[in-house]
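Before any comments, here is the structure.
Numbering (UniProt numbering), first residue to last: 1 to 98.
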């Protein structure tokens, strides 16, 4: 079973809604002094696993999410599907960087 570990909230300038986009769900988070690292769960239907988690990182000052290319160990697959993603109102995405 995969569970979501953080609430639907902003962490400094890093808006979780901007990463989840009503499609995916953050299932792990690690706060650091100036950044936050998360694992983003996505469902997969064409492979032998049902979901996979990929690492993302956000600078808490600038608020820009990007794949964490330094965390190869953070890429994992699971035989269980992801938790249901939270639903954010459209307004939650207005401050997201493109």
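Yeah, the Cβ is synthetic: ideal placement off N, Cα and C, and Gly gets one too.
These figures come from a predicted structure and were not determined experimentally.
### Task
Below 6 Å CB to CB, which residues in the same chain sit around residue 63 once its five sequence neighbours on both sides are set aside?
Position 63 of the chain shown, counted from the first residue, corresponds to residue 63. Hits under 6 Å: 13, 14.
### Task
Could you check what DSSP says for residue 82 in three-state terms: helix, strand or coil?
As a position in the chain shown, residue 82 is number 82, starting the count at 1. In this structure, residue 82 counts as coil in the three-state DSSP scheme.
### Task
Report yes if the CB atom of residue 93 is closer than 8 Å to the CB atom of residue 50, and no otherwise.
Counting from 1 along the chain shown, the entry for residue 93 is found at position 93. Counting from 1 along the chain shown, the entry for residue 50 is found at position 50. Taking 8 Å as the Cβ cut-off, residue 93 and residue 50 do not qualify as a contacting pair.
### Query
Between which two residues does the beta strand (DSSP E) carrying residue 36 extend?
Taking the first residue of the chain shown as position 1, residue 36 is located at position 36. Residue 36 -> beta strand (DSSP E) spans 35-43.
### DSSP-derived helix/strand/coil call for residue 5
By 1-based counting over the chain shown, the position of residue 5 is 5. Note that residue 5 has pLDDT 49, beneath the 50 cutoff, so the model's placement of it is unreliable and no number is given.
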